[in-house]
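Numbering (our numbering), first residue to last: 35 to 312.
Built from N, CA and C at the ideal position, the CB exists for glycine as well.
Some notes on the structure that comes next.
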Amino acid sequence: MEKLRDLATIISEVQRGELVFPTSVNAALALQLALADPDCHDDEIARKVLGEPVLATRAVALANAAVFRRHGAPPITSARAAVMRLGYRNLYSLAAAMVVRQFGARIRDPQLRERAEQLWKYSAHVAAIAYQVACHITSTDPDTALFAGIVHEAGNFFLLSQADQVPGLLDDMGHHLGPVQEIVAREVLRKLQVPEAVGAAIISLRDGAISLPPAGLRDTLLLARHLCPVLSPLPAPQDDYLVRRSDIVQCLESFPDLAELLDVAAAEARSMGVALLA
């Protein structure tokens, strides 16, 4: 009962918009606001990136990650060049990833911190696979799929940070945890200013039936999660039985280059994971 009361308190605070983000992510949130402003110019975006050393470093590292360094492009050595290579939407992904990562970075409990690190590895792999699935299977915008993969576990990162302050919060929650995950995810995605269509696709992963043939962002994420070789450390929405049906297997068998696609995604996930590590 005490755990349920603690969860009820957290849900109440979340629904009132009382999410407390680490002060170290203010620059990332400011960058998100600027990127969302249609009147914001390239020079202003570059100044905001250059004005925060961690943000600038991560932008350069991400621009040199395999997922963005195509066709033997030379390495990027400046934040301004990184801005040009990444583009606004991928800078938005970077800003959101920095916020998500900071939830895990401030966890003190060693076991919870290990779970947060595992959750980040899982998110990076799902994001990289979603990019490849979008390109080759679902004909979805790959940059949007990459962004959605990065932030789709944001709510669980927040819950892990809360469990660090309330020991045992997430232990043995069983079926009670699912609704809490959904409520928290909605509010965290809103706080991160995730576009409504992306947020809706993420929330609909829970009990969402996949289309045949798969198409759209939700199906892209469902397939990416299904194909991900890294396990999530937290209970996931109950989509496995919807993805592991024989007709889905047959659908994937129609893509003979699937193994190669997953190898590419694994390399990109490792590269991207290191670049976004904060």
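**Study point:** Where E187 sits in the DSSP three-state scheme
**Key:** Your numbering for residue 187 matches position 153 in the sequence shown. DSSP places E187 in coil when its eight states are reduced to three.
(Q) Helix, strand or coil, according to DSSP, for L43 in the structure here? (A) Counting from 1 along the sequence shown, the entry for residue 43 is found at position 9. A small fix is needed here, since residue 43 is Thr in this sequence, not Leu. Three-state DSSP puts T43 in a helix.
- Would you mind working out which of P267, M132, E287 and D297 sits nearest L146, comparing C-alpha positions? Sequence index remark: in the sequence shown, residue 146 carries index 112 (1-based). Nearest of P267, M132, E287 and D297 to L146, Cα basis: P267.
Would you mind sorting S46 into buried or exposed? The rule is 16 or more other CB atoms within 10 Å of its CB.
Along the sequence shown, one-based indexing puts residue 46 at 12. With fewer than 16 other Cβ atoms within 10 Å, it is exposed.
- request: Leaving out five residues on either side along the sequence, give the residues of the same chain with a beta carbon under 7 Å from the beta carbon of D274.
  value: In the sequence shown, counting from the first residue as 1, residue 274 sits at position 240. At D274 the pLDDT is 48, less than 50, meaning the model places this residue with poor confidence and gives no usable figure here.
Just the Cα atoms here: how many angstroms apart are G183 and A243? Mapped onto the sequence shown, residue 183 falls at position 149. Mapped onto the sequence shown, residue 243 falls at position 209. One C-alpha to the other measures close to 18 Å.
| query | Between T111 and R259, what straight-line distance do the alpha-carbon atoms span, to the nearest angstrom? | reply | Here residue 111 corresponds to residue number 77 of the sequence shown, with the count starting at 1. Here residue 259 corresponds to residue number 225 of the sequence shown, with the count starting at 1. One C-alpha to the other measures close to 33 Å.
| task | Kindly indicate which three-state DSSP category R304 falls into: helix, strand or coil? | result | To locate residue 304, count along the sequence shown from 1; it is residue 270. Residue state, collapsed to three classes: helix.
* Secondary structure at C262, three-state DSSP: helix, strand or coil? -> Sequence index remark: in the sequence shown, residue 262 carries index 228 (1-based). In the structure shown, C262 sits in coil (DSSP, three-state: anything other than H, G, I, E or B).
Which same chain residues, not among the five before or five after A301, have their C-beta less than 7 Å away from its C-beta?
Within the sequence shown, the letter at position 267 stands for residue 301. So the qualifying residues of the chain are A100.
task: Out of R149, K82 and T43, point me to the one whose CA is closest to C64's CA.
output: The residue given as residue 64 occupies position 30 in the sequence shown. Strictly speaking, residue 64 in this sequence is Ala, with Cys absent from that position. Cα-wise, what sits closest to A64 is K82.
A62 - DSSP class collapsed to helix/strand/coil
In the sequence shown, counting from the first residue as 1, residue 62 sits at position 28. Note: A62 maps to helix in three-state DSSP.
_If you follow the alpha helix (DSSP H) that V101 is in, where does it begin and where does it stop?_
Within the sequence shown, the letter at position 67 stands for residue 101. Per DSSP, V101 belongs to no alpha helix (DSSP H) and is neither H nor E.
Item to check | Counted within 10 angstroms of its Cβ, other Cβ atoms place P108 as buried (16 or more) or exposed | outcome: As a working note, residue 108 is residue 74 in the sequence shown. That one is exposed.
Whole angstroms are fine: how far does the CA of D76 sit from the CA of D198? Here the question's residue 198 lines up with position 164 in the sequence shown. Here the question's residue 76 lines up with position 42 in the sequence shown. C-alpha separation (whole angstroms): 39 Å.
Practice problem: Report buried or exposed for E86, applying the criterion of at least 16 other Cβ atoms within 10 angstroms of its Cβ. | Solution: Here residue 86 corresponds to residue number 52 of the sequence shown, with the count starting at 1. So E86 ends up on the buried side.
message = Tell me which residue opens and which closes the alpha helix (DSSP H) that H159 is part of.
response = Taking the first residue of the sequence shown as position 1, residue 159 is located at position 125. P144 to V167 is the extent of the alpha helix (DSSP H) around H159.
Between which residues of its own chain and G138 is the CB-CB distance below 8 Å, once the five residues before and five after are set aside? The sequence position of residue 138 within the sequence shown is 104, counting from 1. Excluding sequence neighbours, G138 sits near R147, A150, E151, L153, W154, F191, L194 and S195.
From V160 to R135, what does the alpha carbon distance come to, in whole angstroms?
For this step, residue 160 is matched to residue 126 along the sequence shown. For this step, residue 135 is matched to residue 101 along the sequence shown. Taking the straight line joining both Cα atoms gives about 15 Å.
- Check whether the Cβ atoms of A318 and V167 sit closer than 9 Å, and answer yes or no. What is shown of the chain runs 35 to 312, which leaves residue 318 out entirely.
Q. Would DSSP call L268 helix, strand or coil?
A. What you label residue 268 is simply residue 234 of the sequence shown in a count that begins at 1. Correct three-state label for L268: coil.
> Which of the three DSSP states, helix, strand or coil, is assigned to T172?
Replying inline: Residue 172 sits at position 138 when you count from the first residue of the sequence shown. Of the three classes helix, strand and coil, the one that applies to T172 here is helix, per DSSP.
Helix or strand or just coil, what does DSSP make of C74?
As a working note, residue 74 is residue 40 in the sequence shown. Three-state DSSP puts C74 in coil, outside helix and strand.
Exercise for the section: Would you mind reading off the limits of the alpha helix (DSSP H) that contains L120? Expected result: In the sequence shown, counting from the first residue as 1, residue 120 sits at position 86. Note, L120: alpha helix (DSSP H), A113 to A139.
Rounded to whole angstroms, what is the Cα-Cα separation between G202 and Y165? By 1-based counting over the sequence shown, the position of residue 202 is 168. By 1-based counting over the sequence shown, the position of residue 165 is 131. Cα-Cα distance, rounded: 35 Å.
Q) Would you report the Cα separation of V117 and D73, rounded to the nearest angstrom? A) On the sequence shown, position 83 is the one that residue 117 refers to. On the sequence shown, position 39 is the one that residue 73 refers to. Taking the straight line from one Cα to the other gives about 17 Å.
State the Cα-Cα distance for the pair E216 and A129, rounded to the nearest angstrom. Sequence index remark: in the sequence shown, residue 216 carries index 182 (1-based). Sequence index remark: in the sequence shown, residue 129 carries index 95 (1-based). Rounded to whole angstroms, E216 to A129 spans 22 Å at the Cα level.
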